[in-house]
Amino acid sequence: MLKTYLMIVLTFMSFGSLASEIEIPDLLDVGDAKAGSALVAQCAACHGAQGKSIASDWPNLAGQNQRYIAEQLKYFQQGERENVLMMSVIPYLKNLSDGELLDIAAFYSSQPLAVGQAQDDEELLALGKSLYMAGDLKRGIPSCTACHSINGAGNAQAGFPRVSGQQKAYLISTLKAYRSLERDAGDYSLVMQSASQNLKDKDIEALANYMHGLYQK
Ligand code: HEC
Ligand code: HEC
Numbered sequence: 000m001l002k003t004y005l006m007i008v009l010t011f012m013s014f015g016s017l018a019s020e021i022e023i024p025d026l027l028d029v030g031d032a033k034a035g036s037a038l039v040a041q042c043a044a045c046h047g048a049q050g051k052s053i054a055s056d057w058p059n060l061a062g063q064n065q066r067y068i069a070e071q072l073k074y075f076q077q078g079e080r081e082n083v084l085m086m087s088v089i090p091y092l093k094n095l096s097d098g099e100l101l102d103i104a105a106f107y108s109s110q111p112l113a114v115g116q117a118q119d120d121e122e123l124l125a126l127g128k129s130l131y132m133a134g135d136l137k138r139g140i141p142s143c144t145a146c147h148s149i150n151g152a153g154n155a156q157a158g159f160p161r162v163s164g165q166q167k168a169y170l171i172s173t174l175k176a177y178r179s180l181e182r183d184a185g186d187y188s189l190v191m192q193s194a195s196q197n198l199k200d201k202d203i204e205a206l207a208n209y210m211h212g213l214y215q216k
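Residue numbers (numbering that gives the first Met the number 0): 0 to 216.
This is how it looks when you write it as structure tokens:
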């Protein structure tokens with residue numbers, strides 16, 4: 000099946016101008032969203048039935064990319080990423096196979112995106128936008144767009160998480176957890192530990208406000 004698809008793509012590629020319109024096939028493992036929907040009953044209390052969480056402190060999962068969700072579930076399952084509230088489902092996660100974790104990821108990934116509303120505070124918005132888009136070279140803060148994209152969609156292939164529309168209080172607490180090195184599950188977390196080192200509380204609040212209100216036009 001994949002082979003046939005690749006052949007079709009290659010055939011089209013020879014038509015030069017058409018090639019740009021062909022989507023690159025996703026070679027990553029993909030889960031089964033329908034199977035995943037049967038595995039998430041225990042998660043709805045906090046993350047909502049469709050991955051839109053009930054409180055600002057708890058992350059939305061709707062529309063997040065599969066690779067990122069599956070990797071984070073693996074970290075929770077293995078005890079590398081710790082959180083008091085997620086603790087309640089660790090015994091359950093321990094009974095799931097990698098394939099089932101991927102199915103859960105596929106389910107949430109297929110759910111409609113959450114769209115947030117940024118606080119309408121001119122100064123805060125300006126700071127958030129400028130840090131997100133350009134970083135601050137002098138202060139050693141990288142721009143966020145290189146990995147999370149201009150619209151906050153992240154990078155599904157690479158497993159860089161979507162940040163647009165994410166809950167604001169969660170964005171704040173998790174950026175602080177990277178900064179304090181408390182969030183340190185997996186090699187990817189080192190990237191964010193480094194990116195967050197020079198952020199002040201005010202910067203984090205501004206970035207969270209901006210990302211919460213980001214959406215794709
Ligand atoms: C009692 C509330 C609660 C329940 C139930 C719960 N979660 Fe969570 N979940 C949280 C909180 C709070 C976090 C944020 C943890 C942190 O800050 O590190 C989280 C984080 C996550 C993340 C990482 C999100 C991110 O953006 O990094 C995933 C994935 C996740 N949960 C999946 C699940 C799944 C699947 C279930 C059901 C098996 C579940 N959760 C059940 C509260 C809960
Ligand atoms: C070089 C790539 C890169 C850059 C630059 C970068 N990030 Fe990240 N970001 C990542 C990766 C990879 C992860 C996942 C880390 C993990 O697995 O813990 C991540 C995770 C996050 C998360 C957690 C998402 C969640 O659901 O828990 C937030 C929030 C975030 N980044 C915000 C930012 C902000 C704000 C900036 C700019 C100041 C930034 N990132 C710059 C790659 C990057």
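Quick reminder that beta carbons are idealized off the backbone N, C-alpha and C, glycines included.
Proximity below 8 Å, CB of residue i to CB of residue j
| i | j | result |
| --- | --- | --- |
| LEU198 | LEU174 | yes |
| ILE89 | VAL39 | no |
| LEU217 | PHE106 | Given that the chain is displayed from residue 0 to residue 216, the structure contains no residue 217 and the question cannot be resolved. |
| ALA152 | HIS211 | no |
| LEU101 | ASP200 | no |
| CYS45 | ILE53 | yes |
| SER172 | ASP56 | yes |
| MET191 | TYR214 | no |
Residue i burial status per 10 Å Cβ neighbour count (16 or more: buried)
| i | result |
| --- | --- |
| GLN77 | exposed |
| LEU206 | buried |
| GLN166 | buried |
| PRO58 | buried |
| GLU20 | Model confidence at GLU20 stands at a pLDDT of 48, short of 50, so the residue's coordinates are unreliable; what they give is reported in the following sentence. So GLU20 ends up on the exposed side. |
| LYS33 | exposed |
| LYS111 | Here the sequence assigns Pro to residue 111, which means Lys is not the residue at that position. Exposed is the call here. |
| ASN64 | buried |
| GLY98 | exposed |
| ILE23 | Residue placement at ILE23 is poorly supported in this model, since its pLDDT is 48, which falls under 50; the coordinates still yield a value, given next. By the neighbour-count rule (16 or more Cβ atoms within 10 Å), ILE23 is not buried but exposed. |
| LEU189 | exposed |
| SER195 | buried |
| MET86 | exposed |
| GLN71 | buried |
| GLU121 | exposed |
| LYS137 | exposed |
| ALA69 | buried |
| LEU84 | exposed |
| LEU5 | Here the model assigns LEU5 a pLDDT of 42, short of 50, so the residue's position is not dependable and the matter cannot be decided. |
| GLU81 | exposed |
| SER108 | buried |
Residues sharing a beta bridge with residue i, DSSP
| i | result |
| --- | --- |
| PHE159 | ASN154 |
| ASP135 | ILE140 |
CB-CB length for residue i against residue j, believed under 8 Å
| i | j | result |
| --- | --- | --- |
| SER148 | ASN154 | 7 Å |
| ASN208 | GLY139 | Incorrect: roughly 22 Å between the Cβ atoms, too far for contact. |
| ALA113 | ALA61 | 5 Å |
| GLY134 | TYR67 | In fact, because the Cβ distance is near 22 Å, the residues do not count as touching under 8 Å. |
| LEU130 | ASP186 | Contact flag wrong, Cβ pair sits at about 24 Å. |
| GLU79 | ALA145 | Not confirmed; about 25 Å, so no contact. |
Where the alpha helix (DSSP H) through residue i begins and ends
| i | result |
| --- | --- |
| GLN118 | From DSSP, GLN118 is part of no alpha helix (DSSP H); its letter is neither H nor E. |
| ALA113 | Careful: ALA113 lies outside any alpha helix (DSSP H) and carries neither H nor E. |
| GLY212 | 200 to 212 |
| MET191 | 187 to 195 |
| SER172 | 167 to 178 |
| LYS33 | 32 to 36 |
| ARG182 | Element bounds for ARG182: n/a, residue is neither H nor E. |
| GLU79 | Note, GLU79: premise wrong, no alpha helix (DSSP H); not H, not E. |
| ALA44 | 43 to 46 |
| LEU92 | 89 to 93 |
Residue i at chain C interface by Cβ criterion, 8 Å
| i | result |
| --- | --- |
| PRO160 | As a matter of chain content, chain C is missing from the structure shown, which is built from one protein chain. |
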